[in-house]
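Numbering (our numbering), first residue to last: 449 to 851.
What follows is a single structure, written as C-alpha coordinates, with notes after it.
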Amino acid sequence: MATIMTVGQVNNYIKGLFGNDFVLSRICVKGEISECKYHPSGHIYFTLKDESGVLKSVMFASDRTGLDFELTVGAEVSVTGRIGVYERQGAYQLYAHKIEKSGSGELYARYEALKKKLEEKGMFDEMYKHPIPPHALSVGVVTALSGAAIRDIMNISKRRNPYVRLILTPVIVQGEEAPASIVAGIKRMQEQDVEIIIVGRGGGSMEDLWAFNDERVAQAIFDCPIPVISAVGHESDTTIADYVADLRAPTPSAAAELAVFDYIQFSESMRMTRLRMAKSVESKIDRARESLQTRQMRLAYLHPKTRIEEQKDKIRQQVDHLKVNWQLALGRAKQQLALSAQRMGSLSPQAKIDQGYAFLSRADGKPIRSINKIAQGDVIRAHVSDGWIDAIVEKLGEEKRNG
(Lines of atoms letter the chains of each structure in order from A and count residues from 1; the text may use other names and numbers.)
(Lines give C-alpha, C1' and ligand atoms only; values in the text may rest on other atoms or scores of the structure.)
Protein backbone atom coordinates (compact mmCIF):
# COMPACT_ATOMS: atom_id res chain seq x y z
CA MET A 1 0.00 0.00 0.00
CA ALA A 2 1.32 3.51 -0.96
CA THR A 3 2.47 5.83 1.80
CA ILE A 4 -0.13 8.51 2.65
CA MET A 5 1.36 12.01 2.70
CA THR A 6 -0.03 15.42 3.45
CA VAL A 7 -0.05 18.23 0.90
CA GLY A 8 2.65 20.00 2.85
CA GLN A 9 4.81 16.91 2.86
CA VAL A 10 4.47 16.53 -0.88
CA ASN A 11 5.35 20.17 -1.55
CA ASN A 12 8.28 19.98 0.85
CA TYR A 13 9.56 16.81 -0.85
CA ILE A 14 9.38 18.43 -4.28
CA LYS A 15 11.08 21.54 -2.90
CA GLY A 16 13.94 19.34 -1.77
CA LEU A 17 14.24 17.80 -5.21
CA PHE A 18 14.47 21.25 -6.79
CA GLY A 19 16.98 22.42 -4.20
CA ASN A 20 19.25 19.43 -4.76
CA ASP A 21 19.19 19.75 -8.54
CA PHE A 22 22.49 21.24 -9.77
CA VAL A 23 20.99 22.84 -12.90
CA LEU A 24 17.98 24.39 -11.18
CA SER A 25 19.98 25.77 -8.27
CA ARG A 26 21.79 28.23 -10.57
CA ILE A 27 20.16 28.91 -13.90
CA CYS A 28 19.95 31.76 -16.43
CA VAL A 29 16.66 32.15 -18.32
CA LYS A 30 16.06 34.39 -21.32
CA GLY A 31 12.55 35.61 -22.13
CA GLU A 32 10.16 38.46 -22.64
CA ILE A 33 8.39 40.13 -19.69
CA SER A 34 4.63 39.80 -20.19
CA GLU A 35 3.45 40.77 -16.70
CA CYS A 36 5.20 42.90 -14.08
CA LYS A 37 4.18 44.24 -10.66
CA TYR A 38 6.25 46.27 -8.21
CA HIS A 39 4.99 45.43 -4.71
CA PRO A 40 5.05 48.07 -1.90
CA SER A 41 7.33 45.70 0.04
CA GLY A 42 9.99 46.18 -2.64
CA HIS A 43 9.56 42.76 -4.27
CA ILE A 44 9.06 42.51 -8.05
CA TYR A 45 6.66 39.90 -9.38
CA PHE A 46 6.86 39.23 -13.12
CA THR A 47 6.33 36.59 -15.79
CA LEU A 48 8.82 35.47 -18.41
CA LYS A 49 7.49 34.09 -21.68
CA ASP A 50 8.53 32.90 -25.08
CA GLU A 51 6.69 31.16 -27.90
CA SER A 52 6.51 27.90 -25.93
CA GLY A 53 5.27 28.95 -22.51
CA VAL A 54 5.53 31.14 -19.43
CA LEU A 55 7.51 31.08 -16.18
CA LYS A 56 6.41 32.85 -13.00
CA SER A 57 9.27 34.81 -11.44
CA VAL A 58 10.05 36.96 -8.43
CA MET A 59 12.93 39.19 -7.35
CA PHE A 60 13.01 39.97 -3.65
CA ALA A 61 13.84 43.47 -2.42
CA SER A 62 17.14 42.26 -0.99
CA ASP A 63 18.34 41.24 -4.51
CA ARG A 64 17.37 44.55 -6.23
CA THR A 65 20.58 46.42 -5.36
CA GLY A 66 22.17 45.49 -8.68
CA LEU A 67 19.11 46.26 -10.81
CA ASP A 68 19.73 49.58 -12.55
CA PHE A 69 16.69 49.75 -14.84
CA GLU A 70 12.91 49.43 -14.49
CA LEU A 71 11.24 46.26 -15.69
CA THR A 72 8.55 46.91 -18.29
CA VAL A 73 6.14 44.69 -20.16
CA GLY A 74 7.60 43.66 -23.50
CA ALA A 75 11.22 44.00 -22.46
CA GLU A 76 13.48 41.04 -23.26
CA VAL A 77 15.76 40.11 -20.35
CA SER A 78 18.14 37.46 -19.09
CA VAL A 79 17.40 36.38 -15.50
CA THR A 80 19.91 34.56 -13.34
CA GLY A 81 18.62 32.75 -10.25
CA ARG A 82 17.24 29.45 -9.06
CA ILE A 83 14.08 27.46 -9.59
CA GLY A 84 12.26 26.80 -6.34
CA VAL A 85 8.88 25.75 -5.02
CA TYR A 86 6.43 28.14 -3.42
CA GLU A 87 4.85 25.66 -1.02
CA ARG A 88 1.77 27.75 -0.15
CA GLN A 89 0.54 27.64 -3.75
CA GLY A 90 2.22 24.37 -4.72
CA ALA A 91 3.86 26.08 -7.69
CA TYR A 92 7.42 26.44 -8.87
CA GLN A 93 8.90 29.77 -9.91
CA LEU A 94 12.14 31.47 -10.77
CA TYR A 95 13.76 33.30 -7.86
CA ALA A 96 15.82 36.00 -9.57
CA HIS A 97 19.16 37.19 -8.20
CA LYS A 98 20.23 39.16 -11.27
CA ILE A 99 18.39 40.64 -14.27
CA GLU A 100 20.02 42.04 -17.39
CA LYS A 101 18.58 43.63 -20.52
CA SER A 102 18.75 41.58 -23.67
CA GLY A 103 16.72 43.69 -26.07
CA SER A 104 13.01 44.46 -26.64
CA GLY A 105 10.41 41.81 -27.32
CA GLU A 106 8.70 41.49 -30.64
CA LEU A 107 5.28 42.56 -29.35
CA TYR A 108 6.70 45.60 -27.60
CA ALA A 109 8.54 46.61 -30.77
CA ARG A 110 5.32 46.34 -32.78
CA TYR A 111 3.52 48.35 -30.09
CA GLU A 112 6.09 51.15 -30.23
CA ALA A 113 6.07 51.22 -34.04
CA LEU A 114 2.27 51.54 -34.23
CA LYS A 115 2.24 54.13 -31.47
CA LYS A 116 4.76 56.26 -33.34
CA LYS A 117 2.84 55.88 -36.62
CA LEU A 118 -0.50 56.94 -35.18
CA GLU A 119 1.05 59.76 -33.20
CA GLU A 120 2.59 61.16 -36.40
CA LYS A 121 -0.85 60.98 -38.03
CA GLY A 122 -2.20 63.16 -35.22
CA MET A 123 -4.62 60.56 -33.86
CA PHE A 124 -3.51 61.26 -30.27
CA ASP A 125 -3.93 65.03 -30.57
CA GLU A 126 -6.19 66.67 -27.97
CA MET A 127 -7.87 68.77 -30.65
CA TYR A 128 -9.70 65.68 -31.95
CA LYS A 129 -10.96 64.47 -28.58
CA HIS A 130 -14.64 64.84 -27.70
CA PRO A 131 -15.66 66.19 -24.29
CA ILE A 132 -17.26 63.63 -21.98
CA PRO A 133 -20.89 64.55 -21.12
CA PRO A 134 -21.01 65.17 -17.35
CA HIS A 135 -24.58 63.91 -16.87
CA ALA A 136 -25.09 61.16 -19.43
CA LEU A 137 -28.26 59.08 -19.04
CA SER A 138 -27.31 56.32 -21.53
CA VAL A 139 -23.93 54.59 -21.69
CA GLY A 140 -22.83 51.97 -24.19
CA VAL A 141 -20.36 49.24 -23.22
CA VAL A 142 -18.27 47.33 -25.76
CA THR A 143 -16.69 44.38 -23.97
CA ALA A 144 -17.01 40.64 -23.39
CA LEU A 145 -20.41 39.34 -22.33
CA SER A 146 -18.90 37.55 -19.36
CA GLY A 147 -15.98 38.63 -17.25
CA ALA A 148 -14.98 41.00 -14.49
CA ALA A 149 -15.12 44.11 -16.68
CA ILE A 150 -18.85 44.09 -17.39
CA ARG A 151 -19.67 43.04 -13.81
CA ASP A 152 -17.59 45.88 -12.39
CA ILE A 153 -19.18 48.42 -14.76
CA MET A 154 -22.70 47.24 -13.92
CA ASN A 155 -22.07 47.27 -10.16
CA ILE A 156 -20.48 50.72 -10.16
CA SER A 157 -23.19 52.13 -12.42
CA LYS A 158 -26.00 50.76 -10.27
CA ARG A 159 -24.41 52.09 -7.11
CA ARG A 160 -23.76 55.56 -8.51
CA ASN A 161 -26.94 56.06 -10.52
CA PRO A 162 -29.64 53.41 -11.02
CA TYR A 163 -31.39 55.69 -13.53
CA VAL A 164 -28.58 55.55 -16.12
CA ARG A 165 -29.27 53.07 -18.94
CA LEU A 166 -26.45 50.67 -19.86
CA ILE A 167 -26.43 49.10 -23.32
CA LEU A 168 -24.03 46.21 -23.86
CA THR A 169 -22.61 45.15 -27.22
CA PRO A 170 -20.79 41.88 -26.50
CA VAL A 171 -17.55 41.37 -28.41
CA ILE A 172 -14.51 39.11 -28.43
CA VAL A 173 -11.69 40.81 -26.52
CA GLN A 174 -8.85 38.32 -26.93
CA GLY A 175 -7.36 36.39 -29.82
CA GLU A 176 -7.08 36.83 -33.57
CA GLU A 177 -10.79 37.53 -34.05
CA ALA A 178 -10.91 40.17 -31.34
CA PRO A 179 -9.89 43.29 -33.34
CA ALA A 180 -12.57 42.79 -36.02
CA SER A 181 -15.18 42.01 -33.31
CA ILE A 182 -14.32 45.15 -31.33
CA VAL A 183 -14.48 47.33 -34.47
CA ALA A 184 -17.90 45.88 -35.35
CA GLY A 185 -19.09 46.44 -31.80
CA ILE A 186 -18.08 50.12 -31.87
CA LYS A 187 -19.92 50.62 -35.15
CA ARG A 188 -23.06 48.86 -33.87
CA MET A 189 -23.00 50.99 -30.76
CA GLN A 190 -23.11 54.14 -32.89
CA GLU A 191 -26.57 53.07 -34.03
CA GLN A 192 -27.80 53.08 -30.44
CA ASP A 193 -29.03 56.12 -28.56
CA VAL A 194 -26.04 56.44 -26.22
CA GLU A 195 -24.07 59.48 -25.06
CA ILE A 196 -20.84 57.72 -24.05
CA ILE A 197 -19.16 54.46 -25.13
CA ILE A 198 -16.89 52.45 -22.84
CA VAL A 199 -14.51 50.13 -24.73
CA GLY A 200 -12.33 47.73 -22.80
CA ARG A 201 -11.75 44.53 -20.87
CA GLY A 202 -10.18 43.25 -17.65
CA GLY A 203 -6.49 42.81 -16.96
CA GLY A 204 -4.08 40.33 -18.49
CA SER A 205 -0.72 39.93 -20.12
CA MET A 206 0.43 41.98 -23.07
CA GLU A 207 -0.72 39.16 -25.37
CA ASP A 208 -4.17 39.14 -23.73
CA LEU A 209 -4.56 42.88 -24.32
CA TRP A 210 -3.06 42.88 -27.80
CA ALA A 211 -6.39 43.39 -29.60
CA PHE A 212 -6.47 46.92 -28.19
CA ASN A 213 -3.08 47.60 -29.80
CA ASP A 214 -4.53 46.89 -33.24
CA GLU A 215 -4.61 49.71 -35.82
CA ARG A 216 -8.16 48.80 -36.89
CA VAL A 217 -9.46 49.25 -33.35
CA ALA A 218 -7.57 52.53 -33.00
CA GLN A 219 -9.08 53.85 -36.24
CA ALA A 220 -12.60 52.82 -35.22
CA ILE A 221 -12.25 54.68 -31.90
CA PHE A 222 -10.79 57.74 -33.63
CA ASP A 223 -13.64 57.83 -36.21
CA CYS A 224 -16.41 57.34 -33.62
CA PRO A 225 -18.56 60.50 -33.31
CA ILE A 226 -19.62 59.49 -29.79
CA PRO A 227 -17.14 60.14 -26.93
CA VAL A 228 -15.17 56.98 -26.13
CA ILE A 229 -13.65 56.03 -22.77
CA SER A 230 -11.01 53.29 -22.98
CA ALA A 231 -10.85 50.89 -20.04
CA VAL A 232 -8.27 48.21 -20.79
CA GLY A 233 -6.59 46.06 -18.15
CA HIS A 234 -5.15 47.40 -14.91
CA GLU A 235 -3.84 50.86 -14.04
CA SER A 236 -0.31 49.96 -15.16
CA ASP A 237 -1.47 48.74 -18.58
CA THR A 238 -1.44 51.25 -21.42
CA THR A 239 -2.62 50.36 -24.92
CA ILE A 240 -2.91 52.17 -28.24
CA ALA A 241 -6.66 52.43 -27.59
CA ASP A 242 -5.91 54.50 -24.48
CA TYR A 243 -4.01 57.07 -26.54
CA VAL A 244 -6.70 57.35 -29.24
CA ALA A 245 -9.73 57.40 -26.96
CA ASP A 246 -11.30 60.65 -25.82
CA LEU A 247 -10.57 59.69 -22.21
CA ARG A 248 -8.50 56.92 -20.66
CA ALA A 249 -9.66 55.08 -17.53
CA PRO A 250 -7.12 52.97 -15.66
CA THR A 251 -9.67 50.18 -15.08
CA PRO A 252 -13.26 49.28 -16.17
CA SER A 253 -14.44 50.28 -12.68
CA ALA A 254 -12.81 53.69 -13.08
CA ALA A 255 -14.47 54.03 -16.50
CA ALA A 256 -17.87 53.53 -14.88
CA GLU A 257 -16.97 56.18 -12.29
CA LEU A 258 -16.10 58.61 -15.10
CA ALA A 259 -19.11 57.84 -17.31
CA VAL A 260 -21.90 57.53 -14.73
CA PHE A 261 -22.51 60.58 -12.57
CA ASP A 262 -23.29 60.08 -8.88
CA TYR A 263 -27.05 60.58 -8.52
CA ILE A 264 -26.97 61.18 -4.74
CA GLN A 265 -24.15 63.70 -5.04
CA PHE A 266 -25.91 65.29 -8.03
CA SER A 267 -29.18 65.54 -6.10
CA GLU A 268 -27.42 67.08 -3.13
CA SER A 269 -25.66 69.51 -5.44
CA MET A 270 -29.00 70.48 -7.02
CA ARG A 271 -30.53 70.90 -3.56
CA MET A 272 -27.70 73.18 -2.46
CA THR A 273 -27.96 75.07 -5.75
CA ARG A 274 -31.70 75.58 -5.22
CA LEU A 275 -31.05 76.81 -1.68
CA ARG A 276 -28.39 79.23 -2.90
CA MET A 277 -30.68 80.46 -5.67
CA ALA A 278 -33.60 80.86 -3.24
CA LYS A 279 -31.40 82.77 -0.79
CA SER A 280 -30.06 84.90 -3.61
CA VAL A 281 -33.59 85.69 -4.83
CA GLU A 282 -34.77 86.42 -1.28
CA SER A 283 -31.77 88.66 -0.73
CA LYS A 284 -32.46 90.54 -3.96
CA ILE A 285 -36.12 90.89 -3.03
CA ASP A 286 -35.18 92.21 0.42
CA ARG A 287 -32.74 94.70 -1.11
CA ALA A 288 -35.38 95.77 -3.65
CA ARG A 289 -37.96 96.13 -0.86
CA GLU A 290 -35.58 98.23 1.23
CA SER A 291 -34.74 100.35 -1.80
CA LEU A 292 -38.44 100.80 -2.54
CA GLN A 293 -39.15 101.78 1.04
CA THR A 294 -36.29 104.26 0.98
CA ARG A 295 -37.57 105.75 -2.26
CA GLN A 296 -41.11 105.88 -0.91
CA MET A 297 -39.89 107.67 2.20
CA ARG A 298 -37.88 110.08 0.08
CA LEU A 299 -40.81 110.65 -2.27
CA ALA A 300 -43.12 111.20 0.68
CA TYR A 301 -40.63 113.63 2.17
CA LEU A 302 -40.34 115.58 -1.07
CA HIS A 303 -44.12 115.57 -1.78
CA PRO A 304 -45.71 119.09 -1.78
CA LYS A 305 -48.29 117.95 0.74
CA THR A 306 -45.49 116.99 3.12
CA ARG A 307 -43.85 120.36 2.57
CA ILE A 308 -47.16 122.13 3.29
CA GLU A 309 -47.65 120.08 6.45
CA GLU A 310 -44.12 120.94 7.55
CA GLN A 311 -44.87 124.66 7.03
CA LYS A 312 -48.13 124.26 8.91
CA ASP A 313 -46.25 122.62 11.76
CA LYS A 314 -43.78 125.49 11.80
CA ILE A 315 -46.60 128.07 11.83
CA ARG A 316 -48.41 126.17 14.62
CA GLN A 317 -45.18 126.09 16.58
CA GLN A 318 -44.71 129.83 16.02
CA VAL A 319 -48.32 130.52 17.04
CA ASP A 320 -47.92 128.41 20.15
CA HIS A 321 -44.71 130.22 20.89
CA LEU A 322 -46.45 133.60 20.43
CA LYS A 323 -49.30 132.48 22.67
CA VAL A 324 -46.89 131.48 25.37
CA ASN A 325 -44.96 134.71 25.04
CA TRP A 326 -48.20 136.74 24.97
CA GLN A 327 -49.47 134.98 28.07
CA LEU A 328 -46.16 135.58 29.81
CA ALA A 329 -46.17 139.24 28.73
CA LEU A 330 -49.82 139.60 29.78
CA GLY A 331 -49.04 138.06 33.16
CA ARG A 332 -46.14 140.41 33.66
CA ALA A 333 -48.32 143.40 32.61
CA LYS A 334 -51.08 142.38 35.00
CA GLN A 335 -48.56 142.02 37.78
CA GLN A 336 -47.06 145.43 36.94
CA LEU A 337 -50.54 146.96 36.75
CA ALA A 338 -51.38 145.53 40.13
CA LEU A 339 -48.21 146.94 41.58
CA SER A 340 -48.91 150.35 39.95
CA ALA A 341 -52.47 150.31 41.18
CA GLN A 342 -51.22 149.45 44.62
CA ARG A 343 -48.79 152.33 44.50
CA MET A 344 -51.42 154.71 43.08
CA GLY A 345 -53.86 153.60 45.73
CA SER A 346 -51.36 154.47 48.41
CA LEU A 347 -50.94 157.91 46.83
CA SER A 348 -54.67 158.59 46.33
CA PRO A 349 -56.12 161.73 48.17
CA GLN A 350 -59.10 159.63 49.06
CA ALA A 351 -56.82 157.18 50.86
CA LYS A 352 -55.37 160.05 52.84
CA ILE A 353 -58.81 161.38 53.57
CA ASP A 354 -59.89 157.95 54.72
CA GLN A 355 -56.97 158.04 57.11
CA GLY A 356 -58.35 161.21 58.79
CA TYR A 357 -56.91 163.87 56.59
CA ALA A 358 -59.00 166.58 54.83
CA PHE A 359 -58.70 167.92 51.31
CA LEU A 360 -59.14 171.65 50.97
CA SER A 361 -60.41 173.41 47.89
CA ARG A 362 -61.74 176.78 46.97
CA ALA A 363 -65.38 177.38 46.26
CA ASP A 364 -64.74 176.76 42.60
CA GLY A 365 -63.23 173.32 43.38
CA LYS A 366 -59.63 174.17 42.80
CA PRO A 367 -57.33 172.61 45.38
CA ILE A 368 -55.58 174.86 47.86
CA ARG A 369 -51.87 174.08 47.94
CA SER A 370 -50.57 177.34 49.45
CA ILE A 371 -51.73 180.10 51.76
CA ASN A 372 -50.77 182.44 49.03
CA LYS A 373 -53.73 181.27 46.97
CA ILE A 374 -56.35 182.35 49.48
CA ALA A 375 -57.15 185.36 51.62
CA GLN A 376 -58.82 186.05 54.89
CA GLY A 377 -62.63 185.83 54.48
CA ASP A 378 -62.51 183.37 51.54
CA VAL A 379 -64.92 180.51 51.59
CA ILE A 380 -63.12 177.15 51.47
CA ARG A 381 -64.42 173.58 51.45
CA ALA A 382 -62.87 170.75 53.48
CA HIS A 383 -63.46 167.28 52.07
CA VAL A 384 -63.51 164.49 54.63
CA SER A 385 -64.05 160.77 54.37
CA ASP A 386 -67.85 160.95 54.57
CA GLY A 387 -68.61 164.36 53.10
CA TRP A 388 -67.52 168.00 52.93
CA ILE A 389 -67.49 171.05 55.19
CA ASP A 390 -67.62 174.73 54.08
CA ALA A 391 -65.70 177.25 56.19
CA ILE A 392 -64.58 180.90 56.13
CA VAL A 393 -60.92 181.75 56.45
CA GLU A 394 -60.41 183.87 59.53
CA LYS A 395 -56.67 183.84 59.84
CA LEU A 396 -53.65 182.80 57.77
CA GLY A 397 -50.29 181.77 59.22
CA GLU A 398 -47.07 180.60 57.64
CA GLU A 399 -45.60 177.19 58.69
CA LYS A 400 -41.99 177.31 59.77
CA ARG A 401 -40.09 174.19 58.53
CA ASN A 402 -36.69 173.05 59.75
CA GLY A 403 -33.78 172.93 57.32
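We put the beta carbon where it would ideally sit given N, CA and C, even for glycine.
Going by DSSP, what residues sit across from residue i in a beta bridge?
i	result
LEU616	VAL589
SER505	PHE494 and LEU542
LEU808	ALA830
TYR534	ALA539
THR451	According to DSSP, THR451 bridges with nothing at all.
PRO815	SER809
GLY529	ILE475 and ALA544
ALA839	ILE828
TYR486	ILE492
GLU480	LYS497 and GLU524
VAL647	VAL590 and SER678
LYS549	VAL525
Using only alpha-carbon positions, find the residue among the options that is nearest to residue i.
i	options	result
MET507	ILE452, ALA596 and ILE547	ILE547
ALA689	LEU706, PRO627 and ARG737	PRO627
ASN609	ILE634, GLN713 and ALA693	GLN713
SER653	LYS635, ARG607 and THR495	THR495
ALA839	LYS814, SER818 and ARG810	ARG810
TYR493	SER505, SER500, GLY825 and MET792	SER505
GLU842	GLN824, ALA830, ASP834 and GLY835	GLN824
ILE580	THR686, LEU542 and ALA693	ALA693
LEU555	GLY479, THR591 and LEU542	GLY479
SER818	ARG696, LEU844, LEU740 and GLN766	LEU844
THR563	CYS476, GLN537 and TRP658	Strictly speaking, residue 563 in this sequence is Lys, with Thr absent from that position. Among CYS476, GLN537 and TRP658, the Cα nearest to that of LYS563 is on TRP658.
State the DSSP-derived secondary structure class of residue i, mapped to helix, strand or coil.
i	result
VAL708	coil
GLY825	coil
THR520	coil
ARG737	helix
THR687	coil
ALA584	coil
VAL680	strand
LYS569	coil
LEU695	strand
TYR611	coil
GLY779	helix
PRO700	helix
GLN640	coil
HIS578	coil
GLY456	helix
GLY514	helix
PRO673	coil
SER788	helix
HIS751	coil
MET654	coil
GLU757	helix
VAL621	coil
Is the CB-CB distance between residue i and residue j below 7 Å?
i	j	result
GLY588	ILE615	yes
LEU585	VAL621	no
ILE601	ALA668	no
ARG512	ALA597	no
VAL708	SER605	yes
ILE828	LEU808	yes
GLY490	ALA509	yes
ILE634	CYS672	yes
LEU503	LEU542	yes
Is residue i close to the ligand HEM? I mean its beta-carbon at under 6 Å from any heavy atom of the ligand.
i	result
LYS762	Ligands are entirely absent from the displayed structure, and the ligand HEM is therefore not among its contents.
Requested in this report: Give a yes or no on contact between the segment 688-703 and the segment 724-737, applying the rule of three or more CB pairs nearer than 8 Å.
Outcome: Between the segment 688-703 and the segment 724-737, the count of Cβ pairs shorter than 8 Å is below three; the stretches do not touch.
Using 8 Å as the Cβ pair cut-off and three pairs as the minimum, do the segment 671-681 and the segment 527-542 touch? no
- Message: Using 8 Å as the cut-off, can you tell me whether the segment 782-790 makes contact with the segment 803-812, which would need three or more C-beta pairs spanning the two stretches below that distance?
- Response: no
Quiz item: Does the segment 511-525 come close enough to the segment 472-488 that 3 or more CB-CB pairs lie under 8 Å?
Solution: yes
Sufficient close CB pairs (3 or more, under 8 Å) joining the segment 617-634 to the segment 655-664 | yes
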